[in-house]
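Protein chains in written order, with the working numbering: chain A, 25 to 417; chain G, 25 to 417; chain R, 25 to 417; chain Z, 25 to 417. In what follows, a single structure is set out as structure tokens and then discussed.
4 protein chains.
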Amino acid sequence: MAYFTTRPETGRHFLHIPGPTNVPDRVLRALDNPPMDHRGPDFGVMMLQLFPKLQQLFQTTSPVIVYPGSGTGSWEAALVNTLSPGDRVLFCRTGQFAASWIEMAKKLQLNAEIIETDWRHAADIDAIGAALAADTAHSIKAVGVVHSETSTGCVTDIAAVRAAIDAARHPALLLVDTVSGIGALEYRHDEWGVDVTIAGSQKGMMMPPGLGFNAISAKALEASKSSTMPRAYWHWQPMLAINKNGYFPSTPATNLLYALDTGLDMLFAEGLENVFARHQRFAEATRRAVAAWGLETQCADPRAASGVVTAVRMPQGHSADALRRVILEKFDLSLGNGLGVMTDKVFRIAHLGHLSALQLVGVIGGVEMGMRAAGVPHREGGVQAAMGYLSGN
Amino acid sequence: MAYFTTRPETGRHFLHIPGPTNVPDRVLRALDNPPMDHRGPDFGVMMLQLFPKLQQLFQTTSPVIVYPGSGTGSWEAALVNTLSPGDRVLFCRTGQFAASWIEMAKKLQLNAEIIETDWRHAADIDAIGAALAADTAHSIKAVGVVHSETSTGCVTDIAAVRAAIDAARHPALLLVDTVSGIGALEYRHDEWGVDVTIAGSQKGMMMPPGLGFNAISAKALEASKSSTMPRAYWHWQPMLAINKNGYFPSTPATNLLYALDTGLDMLFAEGLENVFARHQRFAEATRRAVAAWGLETQCADPRAASGVVTAVRMPQGHSADALRRVILEKFDLSLGNGLGVMTDKVFRIAHLGHLSALQLVGVIGGVEMGMRAAGVPHREGGVQAAMGYLSGN
Amino acid sequence: MAYFTTRPETGRHFLHIPGPTNVPDRVLRALDNPPMDHRGPDFGVMMLQLFPKLQQLFQTTSPVIVYPGSGTGSWEAALVNTLSPGDRVLFCRTGQFAASWIEMAKKLQLNAEIIETDWRHAADIDAIGAALAADTAHSIKAVGVVHSETSTGCVTDIAAVRAAIDAARHPALLLVDTVSGIGALEYRHDEWGVDVTIAGSQKGMMMPPGLGFNAISAKALEASKSSTMPRAYWHWQPMLAINKNGYFPSTPATNLLYALDTGLDMLFAEGLENVFARHQRFAEATRRAVAAWGLETQCADPRAASGVVTAVRMPQGHSADALRRVILEKFDLSLGNGLGVMTDKVFRIAHLGHLSALQLVGVIGGVEMGMRAAGVPHREGGVQAAMGYLSGN
Amino acid sequence: MAYFTTRPETGRHFLHIPGPTNVPDRVLRALDNPPMDHRGPDFGVMMLQLFPKLQQLFQTTSPVIVYPGSGTGSWEAALVNTLSPGDRVLFCRTGQFAASWIEMAKKLQLNAEIIETDWRHAADIDAIGAALAADTAHSIKAVGVVHSETSTGCVTDIAAVRAAIDAARHPALLLVDTVSGIGALEYRHDEWGVDVTIAGSQKGMMMPPGLGFNAISAKALEASKSSTMPRAYWHWQPMLAINKNGYFPSTPATNLLYALDTGLDMLFAEGLENVFARHQRFAEATRRAVAAWGLETQCADPRAASGVVTAVRMPQGHSADALRRVILEKFDLSLGNGLGVMTDKVFRIAHLGHLSALQLVGVIGGVEMGMRAAGVPHREGGVQAAMGYLSGN
């Protein structure tokens, strides 16, 4: 049940948009504790236990900053701390989220260099390498890549991006958006040589929206010292100075921090490796259903297929939004919509966060029954295919 | 997530025992409000609004009593208020719950007359009529019938029981256990001429266990005045006297009353007729899955098949409990066990309470995948059959 | 805030009736977890951890039984398990709760022998001893004593009752009601030789109403085997048989068990000795306030003055209920009313459960301001006197 | 109880820092509902009901923007939308929060003109008028004033500031920080001619931290069109465009919106006028206690004394932080610390939000007992003085 609904409530709503995701009861019950004195002694103790958990999640020994804000805010934080107006930044426009980040960079008066893709593949790593190699003057200050492009369901191999940068012997910073990847897909900030990792709370972390994150390399921190971008709220330096003692320069979102702490504990209790494997398993089951229906996924490269969301292409002449409406009304299941050029052409099944095999079976069943109800041409048997995979697994 | 678990939590637990059932978040959030002064003015106002809602649920203009207790306690309340030690009571042993109620009657020094059944059908109404007709001395003081026999998934037609009593021109009281029926199956205390209706909170009312109910006819109330059974806690008279003002003779379970109030509001918001229809639809979908698997239901009479639970008979030589264990461990789904003579021979799929079509698809999927994992012989296609029915409906 | 209120909510309600008491947020958040399968493996594990905690609370190695029910139900359980209709039971009528228990015994067809008191003192231990000594035929089967008489604020020394029984070399069972004492006042079931301890959930255990308890000595258990009282719901034997494995014969109140488990953990985290000392400290502060106001406590014996509730006698000609109404309306504070002969002559300040010094200062301030607003003659300075004690302590 | 604490929990924590404040249970229970699809139809309906409530709170017919963020973020939003690097902004440094806002303006490359005060009075309206009158070139683009300066407990008369601007016939925008005033003190965005009102969620709105607000006049919106400040996250235009339909450009903090909606409903149920009067009453009671103790408030002008927080000056040679530590450890009461030049010289008693007279008596009692325990020289009788006022009121 949501806080507000206009539809009859006859069971639990199935929320399968790619974020916010299903939040465990345990996390909701952490969230709803009374706020505490964010300048008192207990708060500092709590945070000095919480920061290392965040580092473990991001697989880093560098600091991780938490903002009251959204993933969008974390994009801005990454850009305004490391860059100056007019700086060149290389982006690969892999989907709607990459596109929005690029728009933001422009608003922030950065000079965005764009490598286009067909929005059905991961970032073009060869093109990134080539662009950097061509930039012998090293005027490109940063490379911005979306790890898990939530609009298309394609995942970019970040280690490969790093390898391409290194191969080009280029000093550009590597900025990575893993808003929908963190806590669901394998992610290694240090090992992959990421300079700023950008994340949000409402997906793999299994908590509500409202927190944004920046994990910061030493190199990124150094770069921030010479940035001339006007900035205050997102400024890393005062944040890091006081975070050391477990506090924040302005009022933190205490209740969301409780939820974060509990969500992380649950991820570690399951074991990050198990969490990642579970997401891959559910993603594969979903793709088998899509294949059984005779439909196509938006992601055209199986190696890039996402563990967190599957974007499904509608048969020609059928409206994805009409289908989603039928599915919501008849089966109380919320699916993600197609974004940008994919509007009405794609619907997205999120399979991330606090999720079990049976919930997934319900979701796939809801899509299959919805297609039938909406008259969308498909073959039956998607659920059966998914179950065949899940029961042997 | 439950309060306590030894298993990994990777999504929401599927609780499909026939009570307690899935409790809506809205009800849980009512439950967890602080207790209030149960002798203060607000409490009385609250209860004077709540009692009529209970009457609406039971379809009666007579009083409905609420006890801190279980359904078992409500059985006792019905017996000790209306009967005296040594009184003859006619029961129809339709399953394990009828059997337990009979055992209780014996412990309470009542003289139980038992009509046996094969535990695969509803109560034998002809036999009841015959027994009453034969009792020309009217020494049978009451007839005890289980409306929804949760152990077998058979439902007895209470209006027909009343007709049989009337046809025999017999003055016996009609005591009906609808612990698992109320709030899920059509039920009409007044119209069906029931004298005491026995119910519990943890099933169709969509709230946790801990409350028991007696709806009482004028005739039952009259009978209670001459009962010589030692009784105090369950005594109707002092309860009714003070209930009139909205209060209780001893401390009520305040928080469970909050949950009750909210659960009833949700049932009425959906509309009782819609609630009943939803349960029938989910029951039919479940039975179609069972049939598709090539398995048999315990209830052998389609007209008696229950809207709240389906008991499934295991193939010869296979253990129901072993299957349930596999399903719990692999798919985090709790099913009901076989009771009494059905132990290990039957498993029960509850489909009542706060439940949507997609949850049910997940449940049926869990059973099908579990049978495959456990090596239980069956045909595939149960989920497909259920979905075929649900999507056209 | 309560679930339901007719008054404006401008801050947290002060609930200072002697039960239900203030429930910690942590307990409410345990309460509102979804129900679980009470026949599944996790439930058994949970209960096998919970029963020993209950034994620690009652200070016993004997079993402690938990019923869905109220303290009143636990009275009945104690009586119907150990006694038979017509049995003589010796009670000391120390206040309204003793009186109600006696009424129950009569309804259960027991033969209640009553030692009267002035309702301003603890039980008359000499009279108990004398009555037992006079009963050379040992026809008195049990002695029923209220440990903490919630209506008067007097506490009886249970060890002294046991000593009196032993001095009379009488085999009567000792049945003790500590509904409002357990978890707040020192209590030692084994060391004090209690045969049945009767308790409820909604006071010192810091959880909502809805559970009743019986701690049972070997002697009481033996006595239960020869009882001829009709009983089923409260029957110890089937309960104990299945409790051994962590289960219950009928559906337990799962959510209240979650709350119980958490409440006990909190009591042990504070340390029972600290809990008891805190209650004595708050009681003394309250009594100093009453003395400063120039009012009298109902309990006339300082050695018997209760650690959990203080009953205050109104000045002649003034209505306690009118005062309580003013205090509720103007200060949103619920106080206990006078019961039985004390109706309208006494109001009761509960100071038990989850309670801090500052909450208590607020309560005492509310009474003092209320008396002023209601025109009840008193001297100012009650809060000051309480604070003087609390700050030095 | 907080989510995390290192101290024993023996009752409810008293949180009396000036934000976050006590959050009503009703709001916490709204907060902990599952997130919903922020692009789905229900969300839009919810927001189109919520935006008008926000307008009612701010007393405006202009749009009110909600950010995931803190009050600090709302400062930044106000500045980056209306101004351009190098712009002159006139501030009155009335305390620590004004000082921090000025620091932010500098970081954002604005040219801050500062009118100093002694941090014991409201803003110097004559000086503001004089500065504007002197600025015949109208190079001052905005005036920034803190309505309720939380560090000193002084409140500035915003209508008077507007009058001064108008008297100077100066076109500067009026930017007002009422982070700790909104929902507790009278506030009239439209009537007072405010151009941007800056607010946060965690004070008078009675909800947790995590949301920031900008109420925007038509003139401010017009100014935003010519601002050259790099901005994206805080950019009003895309926000307003999509807010019209009830949606947000990036993921909103859904759960905090539930809390906001419920908190506003509670404020309107009490009635804003009653809410404001209650705050004034509690503030006066607090000041009477301070006077009775023989201590001084930081705010030296009675007409400016705040309805939300009272800053108390320590006797010479005594440490405010040591006192706060004693009060926290002995009485579980969190008070605000002295900020900036007031560090260790002032402690602050917050009396805003969801608060009753009895809670306030507890708080004042805690301070009085704490001063006694810590050996801080004072006269007794603060609580008595507060109660004298509150009971006659």
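Don't be surprised by glycine CBs; every beta carbon is placed ideally from N, CA and C. Quantities reported herein were computed from a predicted structural model and do not represent experimental measurements.
| query | result |
| --- | --- |
| Any idea which residues DSSP pairs residue 337/A with across the strands? | 320/A, 370/A |
| What residues from chain G crowd round residue 68/R, counting only those whose CB sits closer than 9 Å? | Correct list: empty, because the minimum Cβ distance to chain G is about 10 Å. |
| Pick out the complete alpha helix (DSSP H) segments inside the stretch 246-332 of chain Z, 4 residues or longer, and give them in chain order. | 260-267, 278-294, 296-317 |
| Measuring only between beta-carbons, confirm whether residue 57/A sits less than 8 Å from chain R. | yes |
| Any Cβ of chain G within less than 8 Å of the Cβ of residue 378/A? | yes |
| Would the stretch 368-376 of chain R count as touching the stretch 342-355 of chain R if we require 3 or more Cβ pairs under 8 Å? | yes |
| Which chain R residues are close to residue 419/A, counting only those with a beta carbon under 8 Å from its beta carbon? | Absent from the structure is residue 419/A, since the part of chain A shown begins at 25 and ends at 417. |
| Which term fits residue 340/Z, buried or exposed, when burial requires 16 or more other beta carbons within 10 angstroms of its beta carbon? | exposed |
| Locate the alpha helix (DSSP H) running through residue 418/R, then write down its first and last residues. | The requested residue 418/R does not occur in the structure, where chain R is confined to residues 25 to 417. |
| On a Cα-Cα basis, can you pick out the residue from 293/Z, 288/Z, 329/Z that is closest to residue 309/Z? | 329/Z |
| Keeping to the same chain, check which residues put their C-beta closer than 7 Å to that of residue 41/A; ignore five residues upstream and five downstream. | 358, 359, 360, 374 |
| Closer than 8 Å, CB to CB, is residue 201/A near chain R or not? | no |
| For the alpha helix (DSSP H) holding residue 387/G, just list the boundary residues, first then last. | 381-398 |
| Given that residue 111/Z touches chain G, what residues does it touch there, using C-beta distances under 8 Å? | Ordered by position in chain G, no residue passes the 8 Å Cβ test against residue 111/Z, which lies about 48 Å from the chain. |
| Under 8 Å: do the stretch 273-290 of chain Z and the stretch 46-58 of chain Z share three or more Cβ pairs, one atom per stretch? | yes |
| Using a Cβ cut-off of 9 Å, which residues of the stretch 43-54 of chain Z contact any Cβ in chain G, in chain order? | 49, 50, 53, 54 |
| Residue 117/A touches chain Z at which residues, Cβ-Cβ below 8 Å? | What residue 117/A touches in chain Z: nothing, since even the nearest Cβ is about 17 Å away. |
| Ignoring anything shorter than 4 residues, give me the alpha helix (DSSP H) runs that lie fully in the stretch 119-179 of chain Z, in order along the chain. | 120-131, 149-158 |
| At the 8 Å Cβ level, is residue 387/G part of the contact set with chain A, yes or no? | yes |
| Nearest CA to the CA of residue 231/A: which residue from 203/A, 186/A, 150/A? | 203/A |
| Regarding residue 284/A and the ligand FAD, is the C-beta to nearest heavy atom distance less than 7 Å? | The ligand FAD is absent from the structure shown, which contains no ligands of any kind. |
| Using a C-beta to C-beta distance shorter than 8 Å, which residues of chain R count as neighbours of residue 285/Z? | Residues of chain R passing the Cβ test: none, with the nearest at roughly 16 Å. |
| Using a cut-off of 7 Å between C-beta atoms, extract the partners of residue 256/A located in chain Z. | 100, 128, 131, 132 |
| Just by C-beta distance, which residues in the stretch 272-297 of chain G are closer than 7 Å to chain R? | 274, 275, 276, 277, 278, 279, 280, 282 |
| Taking Cβ positions, are residue 129/Z and residue 136/Z nearer each other than 8 Å? | yes |
| Can you have a look at residue 266/Z and say buried or exposed, based on whether 16 or more other CB atoms are within 10 angstroms of its CB? | exposed |
| Using a Cβ cut-off of 8 Å, pull out every chain Z residue sitting near residue 357/R, in sequence order please. | 382 |
| In the DSSP assignment, what residue or residues form a beta bridge with residue 222/G? | 201/G, 238/G |
| Find the nearest neighbour of residue 220/G within the set 158/G, 242/G, 209/G, judged by alpha-carbon distance. | 242/G |
| Starting from the beta carbon of residue 232/A, find every residue of chain G whose beta carbon is closer than 8 Å, and list them in chain order. | What residue 232/A touches in chain G: nothing, since even the nearest Cβ is about 14 Å away. |
| For a test of the three-state rule: what should DSSP assign to residue 343/R, helix, strand or coil? | coil |
| Have a look at residue 194/Z and residue 109/Z and give me their C-alpha separation to the nearest angstrom. | 21 Å |
| Residues of chain A with a CB under 8 Å from the CB of residue 407/G: which are they? | 385, 389, 407, 408, 411 |
| Applying a beta-carbon distance threshold of less than 8 Å, which residues of chain Z neighbour residue 39/A? | 58, 59, 60, 61 |
| Can you give the Cα-Cα distance for residue 167/A and residue 187/A, rounded to whole angstroms? | 13 Å |
| How is residue 403/Z classed by DSSP in three states: helix, strand or coil? | coil |
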